[in-house]
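With the sequence shown counted from 1, adding 346 to any position gets you our numbering.
Okay, structure first, notes after.
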Amino acid sequence: MRGFRRKVHRKARKGPDRPAVRRAEALFLAGVFAVFLLAGASVLQLSGQAFLAAACEGAAGVQGEGLVQALLPEETKLLWADEPAENAFLDLSPQIYEEVIHPVTVPDDDTTGEDNAEQEPPVVEPPADGRLPISPIVIKATLNDSYPNYGGVYVKNSTSYELDMEQLYKKTLSLKKKKKDAVQVLIVHTHTTECYAEEGATTYDPSFNDRTTDLEKNVAAVGRALADELNALGIKTVQDLSINDYPEYNGAYTRSNEVIKEYMEEYPDIRVVIDLHRDSMVNSDGVKYQPVVTSPDGVQMAQLMFVVGTPQNGKTHKNWRENLAFAIRWQSELMEACPGIMRPISLRKDRFNQHHTTGSVIMEVGTTGNSLSEAKASAKLAADVLAKILA
């Protein structure tokens with residue numbers, strides 16, 4: 347079962363010493379607190395591990411022939427429900443995230459400044475049957491963002507580490523040497539039960555918790571598509587099908603770490619470890635976002651995001667920069683194969699079991715708004731590109 351505990355952060359405010367002023371201030375703060383309670387009651391409570399991200403102060407753009415930005419309504423907030431964390435606590439701290447880009451046709455990709463405000467996001471009307479909308483989007487950072495970037499690859503850096511993006515981009519990969527007939531890739535699933543929307547769905551039932559133990563419908567099916575494609579291309583790959591997040595969600599990363607250790611002992615020449623997840627993006631009105639792009643061949647694909655861990659939260663992790671360089675290389679070549687397929691890389695404070703190799707990443711394949719077929723299509727493309735890197 348997925349559990350979470352709400353974290354509340356408060357700052358003490360010290361006022362003047364005059365009693366009358368202090369009483370007035372107390373009444374004011376009480377009123378503010380009451381408003382907070384009322385507002386909090388209206389926020390969508392997500393099942394499972396979540397954190398709140400402000401929907402980008404500069405926040406949306408559009409996709410078509412090129413990209414321009416548009417402002418989301420000020421009250422719009424995104425609840426980023428299933429981004430990986432090494433605990434199951436709910437963090438409601440506001441954060442800036444990459445822009446939500448709504449699909450409309452625009453003439454070019456260099457529109458900036460006041461022109462951005464002329465584009466308005468589509469209005470999504472809630473269905474009358476109690477189901478809630480699924481809204482297609484594309485997520486992309488732009489040069490207006492503060493994210494470290496080089497060569498078109500952006501990193502959302504949630505750590506205090508400084509990044510030399512040019513050096514990382516050009517770095518020679520430190521992967522283990524390839525050995526003939528050896529297993530090169532391991533695919534695991536820390537949150538195995540994560541699943542997807544129904545094929546072609548434009549709405550969803552809010553009572554469904556986006557989890558299933560059916561390995562034909564959850565992320566294990568996407569991992570199988572990734573593994574099958576890699577094996578077909580001559581990259582020996584193994585996939586673990588352990589359900590690490592059920593019946594207990596807490597401890598999933600501990601369990602998947604043991605899985606990785608066992609495979610590394612059995613196949614010591616593994617060069618790459620992929621922990622394949624599915625993300626979730628739901629706003630405060632219950633609208634699910636479906637990050638999707640169309641490939642050059644006309645195939646609908648779920649957007650991908652790499653998550654790279656660091657030792658900042660205290661766990662030993664000497665090779666995190668090697669992992670980041672690997673993610674940057676893979677991302678760069680994926681973007682060349684299918685422009686728009688990648689969200690910015692997420693660099694995080696936790697280690698996420700990525701200390702076992704110099705080619706370890708979390709790969710988020712789509713969200714709860716994407717279909718299984720969109721996720722599988724992206725996984726196959728990711729395999730095609732990875733096979734070239736590992737050849």
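The beta carbon of each residue, even a glycine, is placed where N, CA and C say it ideally should be.
| Bridge partners - S706, DSSP secondary structure assignment | For the purposes of this step, residue 706 is taken as residue 360 along the sequence shown, with counting starting at 1. S706 is bridged to V619.
| Beta-bridge pairing of C541 - partner residues as DSSP gives them | Locating residue 541 in the sequence shown gives position 195, counting from the first residue. For C541, the beta-bridge partners assigned by DSSP are N564.
| query | If you check the beta carbons only, do A683 and L576 fall under 8 Å apart? | reply | Counting from 1 along the sequence shown, the entry for residue 683 is found at position 337. Counting from 1 along the sequence shown, the entry for residue 576 is found at position 230. The answer is no: Cβ separation not under 8 Å.
| Does DSSP classify T549 as helix, strand or coil? | Counting from one through the sequence shown, the residue named residue 549 turns up at place 203. Taken through DSSP and simplified to helix, strand or coil, T549 comes out as strand.
| query | Just how far apart, CA to CA, sit D696 and S719? | reply | For this step, residue 696 is matched to residue 350 along the sequence shown. For this step, residue 719 is matched to residue 373 along the sequence shown. Roughly 31 Å separates the two Cα atoms.
| task | Out of G580, P685 and Y613, state which residue places its alpha-carbon closest to the alpha-carbon of V645. | result | Taking the sequence shown and counting its residues from 1, one reaches residue 645 at position 299. For V645, the closest of G580, P685 and Y613 by C-alpha to C-alpha distance is P685.
| On the three-state DSSP scale, how would you describe F652? | Translated into the one-based positions of the sequence shown, residue 652 becomes position 306. Residue state, collapsed to three classes: strand.
| field | Three CB pairs or more closer than 8 Å across the stretch 664 to 673 and the stretch 631 to 640 | value | Contact between the stretch 664 to 673 and the stretch 631 to 640 is absent, because fewer than three Cβ pairs lie under 8 Å.
| task | Return helix, strand or coil for V633, following the three-state DSSP convention. | result | Translated into positions along the sequence shown, residue 633 becomes position 287. Coil, per DSSP.
| Who are the near neighbours of Y703 in its chain, counting only those whose CB is closer than 6 Å to its CB and skipping five residues on each side? | As a first step, residue 703 is located in the sequence shown; it is residue number 357 there, counting from the start. The amino acid occupying residue 703 in the given sequence is Thr; Tyr does not appear at that position. Hits under 6 Å: V619.
| Supposed contact pair R689 and Q649 - C-beta distance, whole angstroms, cut 8 Å | For the purposes of this step, residue 649 is taken as the residue at position 303 of the sequence shown. For the purposes of this step, residue 689 is taken as the residue at position 343 of the sequence shown. About 5 Å separates the beta carbons of Q649 and R689, which is inside the 8 Å limit, making them a contact pair.
| Where Q646 falls: helix, strand or coil (DSSP) | For the purposes of this step, residue 646 is taken as residue 300 along the sequence shown, with counting starting at 1. Looking at Q646 - three-state DSSP - the assignment turns out to be strand.
| Distance between beta carbons of I480 and T549, contact taken as under 8 Å | On the sequence shown, residue 549 is found 203 positions in, with the first residue counted as 1. On the sequence shown, residue 480 is found 134 positions in, with the first residue counted as 1. Taking a contact as a CB-CB distance under 8 Å, the pair T549 and I480 counts as one, their CB atoms being some 6 Å apart.
| Going along the chain, which residues of its own chain have a beta-carbon closer than 8 Å to the beta-carbon of L514, five neighbours each way excluded? | For the purposes of this step, residue 514 is taken as residue 168 along the sequence shown, with counting starting at 1. Closer than 8 Å at the Cβ level, and outside the excluded window around L514, lie Y496, R667, L670, A671 and I674.
| Taking the C-alpha atoms as reference points, what is the distance between L519 and R694? | To locate residue 519, count along the sequence shown from 1; it is residue 173. To locate residue 694, count along the sequence shown from 1; it is residue 348. Approximately 20 Å between the Cα atoms of the pair.
| said: Please return the same chain residues whose Cβ sits closer than 8 Å to the Cβ of I687, not counting the five positions on each side in sequence. | reply: For this step, residue 687 is matched to residue 341 along the sequence shown. Excluding sequence neighbours, I687 sits near V639, S641, M647, Q649, L650, L680, M681, S724 and L727.
| query | For the stretch 523 to 534 against the stretch 566 to 584, are there 3 or more C-beta pairs whose distance is under 8 Å? | reply | Touching, per the Cβ criterion.
| message | Let me confirm a value: P593 is counted as buried when at least 16 other C-beta atoms fall within 10 Å, else exposed. Which label applies? | response | Translated into the one-based positions of the sequence shown, residue 593 becomes position 247. Its Cβ having fewer than 16 others within 10 Å, P593 is exposed.
| request: Look up N603 in the DSSP assignment and say whether it is helix, strand or coil. | output: Counted from its first residue, the sequence shown places residue 603 at position 257. DSSP, read as helix, strand or coil, puts N603 in helix.
| Exposed or buried, L489, counting other C-beta atoms within 10 Å across all chains shown (16 or more means buried)? | If you number the sequence shown from 1, residue 489 lands on position 143. With fewer than 16 other Cβ atoms inside 10 Å of its own Cβ, L489 counts as exposed.
| query | Just to confirm, does L736 get its C-beta within under 7 Å of one of the non-hydrogen atoms of the ligand SAM? | reply | As for the ligand SAM, it is missing from this structure, which has no ligand bound.
| message | On a Cα-Cα basis, can you pick out the residue from T600, I606, R477 and S692 that is closest to S553? | response | For the purposes of this step, residue 553 is taken as the residue at position 207 of the sequence shown. With respect to the C-alpha of S553, the residue from T600, I606, R477 and S692 having the closest C-alpha is R477.
| Closest to V568 by CA distance: which of D621, E512 and A547 is it? | Indexing the sequence shown from 1 puts residue 568 at position 222. Ranking D621, E512 and A547 by Cα distance to V568 puts D621 first.
| request: Only counting runs of 3 or more residues, tell me where the beta strand (DSSP E) segments fall wholly within the stretch 501 to 542, in order along the chain. | output: Complete beta strand (DSSP E) runs here, min 3: 531 to 534.
| said: So for N577, helix, strand or coil by DSSP? | reply: On the sequence shown, residue 577 is found 231 positions in, with the first residue counted as 1. DSSP places N577 in helix when its eight states are reduced to three.
| field | Cα-Cα separation between L579 and D631, rounded to whole angstroms | value | Residue numbering aside, residue 579 sits at position 233 when the sequence shown is read from its first letter. Residue numbering aside, residue 631 sits at position 285 when the sequence shown is read from its first letter. Roughly 44 Å between the two C-alpha positions.
| task | Alpha carbon to alpha carbon, how far is T583 from M610? Give it in angstroms, no decimals. | result | Against the sequence shown, residue 610 aligns to sequence position 264. Against the sequence shown, residue 583 aligns to sequence position 237. For M610 and T583, the distance between alpha carbons rounds to 13 Å.
| Beta-carbon proximity of T536 to Y599, cut-off 8 Å | Residue mapping note: residue 536 aligns to position 190 of the sequence shown, counting from 1. Residue mapping note: residue 599 aligns to position 253 of the sequence shown, counting from 1. Yes, Cβ-Cβ distance for T536 and Y599 is below 8 Å.
| alpha helix (DSSP H) segments (min. 4 residues) lying fully within the stretch 681 to 736 | Taken in chain order, the whole alpha helix (DSSP H) runs of length 4 or more contained in the stretch 681 to 736 are 718 to 736.
| query | Near S717, which residues of its chain fall below 6 Å by C-beta distance, leaving aside the five closest residues on each side in sequence? | reply | If you number the sequence shown from 1, residue 717 lands on position 371. Closer than 6 Å at the Cβ level, and outside the excluded window around S717, lie Y542, A543 and E545.
| Would I606 pass as a contact of T538 if the rule is Cβ separation under 8 Å? | Taking the sequence shown and counting its residues from 1, the one referred to as residue 606 is at position 260. Taking the sequence shown and counting its residues from 1, the one referred to as residue 538 is at position 192. Not closer than 8 Å, so no.
| query | My guess is that V711 and R624 are in contact by the Cβ rule of under 8 Å, so how many angstroms apart are they, rounded? | reply | Here the question's residue 711 lines up with position 365 in the sequence shown. Here the question's residue 624 lines up with position 278 in the sequence shown. Confirmed, about 6 Å.
| query | What are the start and end residues of the beta strand (DSSP E) that includes P479? | reply | To locate residue 479, count along the sequence shown from 1; it is residue 133. First-last of the beta strand (DSSP E) with P479: L478 to K486.
| said: Using only CA atoms, which one of T558, N699, I708 and S706 lies nearest to K661? | reply: On the sequence shown, position 315 is the one that residue 661 refers to. Measuring C-alpha to C-alpha distances from K661 to each of T558, N699, I708 and S706 identifies N699 as the nearest.
| task | With a threshold of 16 other CB atoms inside 10 Å of the CB of I485, please say whether the residue is buried or exposed. | result | Mapped onto the sequence shown, residue 485 falls at position 139. Buried: at least 16 other Cβ atoms inside 10 Å.
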